[in-house]
Amino acid sequence: MMERQSFLFSFFIHACALLLAAVILAPLLWLFIMSISPAADLTAKPLVWWPQSIDFSRYGVLLSSIENSAGAAFVASLVNSILVAGMATIAALVLAIPAAWAVSRTPSVGWSLYMVIATYMLPPVALAVPLYFGLAHLGLLNNVFGLALVYLTILAPFTTWLMKSGFDTIPKEIEAAAMMDGAGLFATLRIITLPLAAPVMATSALFAFLLAWDEFFYALLFTSDLRAKTLTVAIADLAGGRVSDYGLIATAGVLAALPPVVIGLVMQRALISGLTSGGVKG
Amino acid sequence: MSGTSMTTRAWLLMLPLLAVMIAVIGWPLIDTVGLSFTDAKLVGTAGNFVGIDNYVKTISGSNFQRTLITTTQFAVISVFAEMVLGVLAALLLNQQFYGRTVLRGLMILPWALPTVVNATLWRLIYNPEYGALNAALTQIGLLDAYRSWLGEPGTALAALIVADCWKNFPLVALIALAALQAVPRDITAASLVDGAGPFARFRFVILPYLAGPLVVALVLRTIEAFKVFDIIWVMTRGGPANSTRTLSILVYQEAFSFQRAGSGASLALIVTLLVAVLAAAYAALVRRTAGSNA
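Chains as they are written, first to last, in numbering that gives the first Met the number 0: chain A, 0 to 281; chain B, 0 to 293.
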């Protein structure tokens, strides 16, 4: 910085930074503290802000696989979330990559892509009833494959958009040179384009996975028991149900938040550049 | 390669995506349009053609009008607050202070937290008997007796908006920060030499760089806020006394709780139309901002 900061200004900035840090961290810390506080502390008046004895046992309870326990239900929903988000992410990328590349290299067909992207604005309620009938007809209600298929309505437009802006940054000339040397289209894509697009592919995959992990509306409508219920639905059930131990609800929240939070922190740079490139290019 | 064969090749590569999109989006959307002209139930009979009855009943109904107002309140207030807080946080994060890198890193946390977990967390914080908000406010002395923040029509919507803002303003801050970092140093330095005060500097030097990305963030956030479902469903289910019922919640209730698929479909399409009008208005705004900056 060129300007010399006065002491008073610097003090003000540090105070604001401290306030911002507190605003961001306080709710998150409280979620974690609730998860390790004895149940009695959480219902004490005045409230006990820091547990007298730290209790990690709820993590064991939720991650245990004893039949018919709270843990079995939680672990099943965890597995369902991983399966649905994983399958939907892979399928979205498989569909998005060729389409995004084609539009990037052949702008004359771009309008069809904009139509696909525009569907991203559709409220899910506009598709919910026919999707419900359709899944019922195919026997895919309360089924992880059915839910993953429905998630393509969200993931496919989004990943196509990100991949297209990724391919736009790879010069056509590199591909042309490879083809001049006698490589066919698919060889060129495999050897030249896709390796160069690997970082964008990784970012798109992470975004898609986070979107699916976060999804609640379709999961609430189309799943009903352990066979397909995802984490978001399981947590909403816990929060809305008659669970008397708030710490258990908080623990489920911490566990569900852990994968996206870790991805967010580790991949921060890539995620922010993805967010802003999407934001800037519109 | 000739133009025609390149176009053919492009269509072939797009075929799988387009086929799936037609199956999971195009066809359901058309089907929703068809359903909206019938009195179909979710289970049982296919329903009879009733013309525009559903639309007339929906639009003239007091439920719809009240819900539209609630949705607009939620969207306008939360998005406005997110924009202001986001820009302020970005201006702060662009200054020099100890721990700046760490604080920038922390900003990703609320964004990464799943919406349902965020809603659950705030539901616990607002708990009328044991919640942290009641405890903190009474212990500081700002509150005499515990309140049911989500249980009173007067405070429920505001409480939801706070929870939504906390999760979403950091994203606006990160987008704005990225734009701020693109402002060339010598321009800010030159404006200082020319004697521009902090407000003039923000208005004429910094804001032009922020405008583009911010308008896009504004568009996306408003559309999201208008469609809001998750956070409200988990925290209040639209209550108390329907004071937090938004359009998506109303559609859900109509189509799935009351199983009136036809009338739910008409309502869903009205919501879709409103979002489309919003998006089109914004698209014009984005084009204008982009034009004035070029």
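Glycine included, every Cβ here is placed at the ideal spot set by N, Cα and C.
- Classified as exposed, Pro170 of chain A has fewer than 16 neighbouring CB atoms from the shown chains inside 10 Å of its CB.
- In the pairwise beta carbon analysis, the stretch 186-194 of chain A is classified as not touching the stretch 223-232 of chain A: fewer than three pairs are separated by under 8 Å.
- For Met120 of chain A, the residues of chain B that pass the 8 Å Cβ criterion are Ile222, Val274, Ala275, Ala278, in the order they occur in the chain.
- The C-beta of Tyr208 of chain B comes no closer than 8 Å to any C-beta of chain A.
- For Pro45 of chain A, the residues of chain B that pass the 8 Å Cβ criterion are Ala134, Thr137, Gln138, in the order they occur in the chain.
- Against Ile124 of chain B, the close residues of chain A are Pro26, Trp29, in the order they occur along the chain (beta-carbon pairs closer than 8 Å).
- Within the stretch 190-264 of chain B, the complete alpha helix (DSSP H) segments of 4 residues or longer fall at 206-225, 229-234, 246-251, listed in chain order.
- In this structure, the CA atom of Leu209 of chain A is about 20 Å from the CA atom of Leu30 of chain A.
- Only exposed fits Asp185 of chain B, as fewer than 16 other CB atoms lie within 10 angstroms of its CB.
- Bridge pairing for Phe48 of chain B: B:Thr37 [DSSP].
- For Thr66 of chain B, the secondary structure class from DSSP, reduced to helix, strand or coil, is helix.
- Sequence-distant partners of Asn67 of chain A (beyond 5 residues in either direction) whose C-beta falls short of 7 Å from its own C-beta are missing from its chain.
- Ranking A:Ala186, A:Thr105, A:Leu94, A:Ala75 by CA distance to the CA of Ser4 of chain B puts A:Thr105 first.
- Taking 7 Å as the upper bound on Cβ-Cβ separation, chain A lies near residues Ala88, Leu91, Gln94, Gln95, Phe96 of the stretch 79-96 of chain B.
- Of the candidates B:Val23, B:Ser35, B:Val75, the residue whose Cα lies closest to the Cα of Gly50 of chain B is B:Ser35.
- In the same chain as Ile35 of chain A, and ignoring 5 residues on each side of it, the C-beta atoms closer than 7 Å to its own belong to Pro50, Ile53, Asp54, Phe55, in chain order.
- Its Cα nearest to that of Pro198 of chain A, the residue A:Ser164 stands out among A:Glu172, A:Ser164, A:Ala177, A:Leu219.
- Annotation: the stretch 59-146 of chain B contains no complete segment of the beta strand (DSSP E) (minimum length 3 residues).
- Going by C-alpha positions, Leu41 of chain B is about 8 Å away from Val128 of chain A.
- The beta carbon of Met86 of chain A sits closer than 8 Å to the beta carbons of Val143, Phe144, Ala147 from its chain, once the five residues preceding and following it are set aside; these are given in chain order.
- A residue is called buried when at least 16 other Cβ atoms come within 10 angstroms of its Cβ; Leu141 of chain B does not meet this threshold and is exposed.
- Listed along chain A, no residue sits closer than 7 Å to Lys56 of chain B by beta-carbon distance, the nearest being about 17 Å off.
- Neighbourhood of Phe228 of chain B in chain A, by CB distance below 8 Å: Pro123, Val124, Phe215, Phe216, in chain order.
- Around the beta-carbon of Asn79 of chain A, 16 or more other beta-carbon atoms lie within 10 Å, marking it buried.
- Under the three-pair Cβ rule at 8 Å, the stretch 225-245 of chain B does not count as touching the stretch 42-61 of chain B.
- Annotated three-state conformation of Gln267 of chain A is helix, per DSSP.
- The way I'd put it, the stretch 209-222 of chain A does touch the stretch 153-162 of chain A; three or more beta-carbon pairs between them come closer than 8 Å.
- When the alpha-carbon of Pro97 of chain A is set against those of B:Arg8, B:Gly194, B:Ser256, the nearest one is in B:Arg8.
- Across the structure, Ala72 of chain A and Ile65 of chain A are spaced so that their CA atoms are roughly 10 Å apart.
- Glu81 of chain B is not a Cβ neighbour of Val161 of chain B, given a cutoff of 8 Å.
- An exposed status is given to Tyr97 of chain B, since fewer than 16 other beta-carbon atoms sit within 10 Å of its beta-carbon.
- With contact defined as three or more Cβ pairs closer than 8 Å, the stretch 105-119 of chain B and the stretch 279-290 of chain B are not in contact.
- When the beta-carbon positions are compared, Leu102 of chain B and Ala95 of chain A stay at least 8 Å from each other.
- Less than 8 Å separates the beta-carbon of Ala175 of chain B from that of Leu213 of chain B.
- In this structure, Glu253 of chain B and Ser242 of chain B do not form a Cβ contact; the two beta carbons are roughly 18 Å apart against a cut-off of 8 Å.
- The criterion of a C-beta distance shorter than 8 Å is satisfied by Ser247 of chain B and Phe228 of chain B.
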